[in-house]
Amino acid sequence: MAFQFNFSIEEKAGNELETLGDTALQLESGQASLNPGGSTEKSKEISSEENIVHKESLCAHEATPKTSDPVANCSPVQVLPKKRASFKVAKEHNIPEDFSKVLENKVIEAVQGLYYVNISVVEMTHSNDSHEEDIVSKSISSHSDLITGIYEGGLKIWECTFDLMDYLSEAEMQFINKTVLDLGCGAGLLGILALKRKAKKVHFQDYNHTVIDEITLPNVVANCTDGGGDGGISEPPSKKHKKADFIPALMSKCRFFSGEWAEFSQLLLSGNKPFSKYDLILTSETIYNPDYYSALHDTISKLLDKNGRVYLASKAHYFGVGGGVHIFEKFIEERNVFRTRTVKVIDEGLTRYIIEMAFKISS
């Protein structure tokens, strides 16, 4: 059972949160529909039966979902005509003073101890957008989870995100007093995990500003309210507390950004606000397209502390788009700036990897 936020500050709470079961986070034809056990991907055609067959024929085989389906778990396929990426200026998003507004009309669910907004509901709410990015209606009309230079998949929670969350827990990764970047954050679950484990600062970046405003920021607020920063599921964010209770100290540790990677790094390095390079950069399923490798490499090299670490989660190969772990590692080797090592292999369905990166000159 999910619960709906549509309240004024004085309203009383009436719903309780249940742990995620077979809830879908599908982006389908404007409907908040469920598809238990199904898999989605960064492909053009996913809605009709004919197109699902076509999609599956392009996949080596489907990966076994870790949860019934908030996860898009098949290797992304890009069958849209290839376009030159549009220029996307980076910007920082202001944190609203009234957090209750952030959660209005949002359905909140839970997975692996974290809250997240139901993306199908966001899709329905914004399916008729006719201004700004308009990525929801464009994604629906093109039946695509990836429109190069327009929409880069941030409305999905991709499977490798949960792989990296599992690894960070298994490795007992320490976040205390660390500065962390969730790069290509989408739902922001990796950054939220770091925040709840007492990171000093956590920054969230996604290509699309709609993703930051409608997905990432609400997710962070939901996890920072009513004791949500203690590392576990607490009571659902309250509907009845005063406005001051919607300004937890955890939010002061966060900054939110959208735009292209090159523009994002330039914004940080040339901005008026103090900036310390990141101790940890966490990123999941951001190496699906080799055309983006140069921008990703340069961004990391500019923003990572000299002794910092990058933890990157990826599928072995992204069919139709051409990227994947091995081609990315070859790219990194040729640049001769970072060293890489595989810290975990998930051999379920389509093989997936967790890669650690560090500067070659680091201690």
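Residues in the sequence shown are numbered consecutively from 1, following full-length UniProt numbering.
By construction, the Cβ of each residue, glycine as well, lies at the ideal position given by its N, Cα and C atoms.
These figures come from a predicted structure and were not determined experimentally.
Spell out the partners DSSP gives residue i in its beta bridges.
i, result
"histidine 209", "DSSP, once it has assigned bridges, lists no residue as partnering histidine 209."
"alanine 313", "Ser284 and Ile354"
"lysine 91", "Ser258"
"phenylalanine 347", "The sequence given here places aspartate at residue 347; phenylalanine does not occur at that position. In the DSSP output, where bridge partners are listed per residue, aspartate 347 has none listed."
"phenylalanine 264", "DSSP, once it has assigned bridges, lists no residue as partnering phenylalanine 264."
"alanine 110", "Tyr115"
"leucine 146", "In DSSP, leucine 146 forms no bridge with anything."
"isoleucine 176", "Ala199"
"threonine 342", "Ile355"
"phenylalanine 204", "Asp182 and Phe256"
"tyrosine 151", "Ile147"
"tyrosine 278", "Leu304"
What whole-angstrom Cβ distance do residue i and residue j have, given they're in contact under 8 Å?
i, j, result
"leucine 190", "serine 284", "7 Å"
"aspartate 206", "glycine 154", "5 Å"
"serine 127", "valine 136", "6 Å"
"leucine 303", "serine 258", "The Cβ separation is near 16 Å, so there is no contact."
"residue 365", "glutamate 133", "Residue coverage of the chain in this structure runs from 1 to 363, which leaves residue 365 outside it and unanswerable."
"lysine 106", "proline 218", "5 Å"
"tyrosine 293", "tyrosine 318", "Going by Cβ atoms, the distance from tyrosine 293 to tyrosine 318 rounds to 12 Å, so no, they are not a contact pair."
Residue i to residue j, Cα distance in whole Å?
i, j, result
"isoleucine 300", "threonine 340", "13 Å"
"glutamine 174", "glycine 308", "13 Å"
"valine 180", "glycine 320", "32 Å"
"glycine 324", "leucine 312", "11 Å"
"lysine 196", "alanine 249", "12 Å"
"lysine 253", "asparagine 94", "13 Å"
"valine 111", "aspartate 291", "32 Å"
"glutamate 109", "alanine 187", "12 Å"
"isoleucine 176", "lysine 91", "27 Å"
"methionine 124", "isoleucine 140", "10 Å"
"phenylalanine 338", "phenylalanine 359", "4 Å"
"serine 314", "glutamate 329", "11 Å"
"tryptophan 261", "glutamate 104", "30 Å"
"glutamate 263", "aspartate 213", "19 Å"
"cysteine 59", "arginine 352", "Residue confidence for cysteine 59 is low, a pLDDT of 37 falling below 50, so the modelled location carries little weight; the figure read from the coordinates is stated next. For cysteine 59 and arginine 352, the distance between alpha carbons rounds to 14 Å."
"asparagine 118", "serine 142", "21 Å"
"isoleucine 355", "aspartate 182", "15 Å"
"leucine 168", "serine 276", "23 Å"
"lysine 201", "cysteine 185", "15 Å"
"phenylalanine 331", "glycine 349", "25 Å"
"lysine 138", "alanine 222", "27 Å"
"isoleucine 361", "aspartate 305", "11 Å"
"isoleucine 327", "alanine 316", "9 Å"
"leucine 193", "glycine 113", "9 Å"
"leucine 296", "alanine 199", "23 Å"
"glutamate 45", "tryptophan 158", "Residue placement at glutamate 45 is flagged as unreliable, the pLDDT there being 30, under the threshold of 50; the coordinate-derived value follows with that caveat. Roughly 17 Å separates the two Cα atoms."
"glycine 322", "leucine 146", "14 Å"
"arginine 335", "methionine 357", "13 Å"
"proline 96", "glutamate 152", "25 Å"
"valine 310", "serine 120", "31 Å"
"residue 365", "lysine 344", "This structure does not reach residue 365, given that the chain is present from 1 up to 363, and the question cannot be answered."
"glutamate 170", "lysine 178", "18 Å"
"valine 220", "methionine 251", "8 Å"
"phenylalanine 204", "glutamate 333", "27 Å"
"valine 89", "isoleucine 346", "36 Å"
"tyrosine 115", "isoleucine 150", "27 Å"
"tyrosine 278", "threonine 148", "28 Å"
"serine 270", "phenylalanine 256", "16 Å"
"valine 102", "asparagine 208", "17 Å"
"threonine 342", "glutamate 172", "17 Å"
Over what stretch of residues does the beta strand (DSSP E) that includes residue i continue unbroken?
i, result
"leucine 114", "114 to 117"
Where do the N-terminal and C-terminal ends of the alpha helix (DSSP H) with residue i fall, by residue?
i, result
"threonine 161", "159 to 170"
"leucine 181", "Per DSSP, leucine 181 belongs to no alpha helix (DSSP H); it is in the beta strand (DSSP E), 179 to 183."
"residue 367", "For the chain, the structure presents residues 1 to 363; residue 367 sits outside this window and is missing."
"lysine 302", "293 to 303"
"glycine 191", "189 to 196"
"isoleucine 327", "325 to 335"
"asparagine 219", "217 to 223"
For a cutoff of 9 Å on Cβ pairs, would you count residue i as touching chain D?
i, result
"glutamate 260", "Absent here is chain D; the protein component of the structure consists of one chain."
Do the segment 274 to 290 and the segment 158 to 175 meet, that is, are 3 or more Cβ pairs less than 8 Å apart? Per the Cβ contact rule, the segment 274 to 290 is in contact with the segment 158 to 175 (3 or more Cβ pairs under 8 Å).
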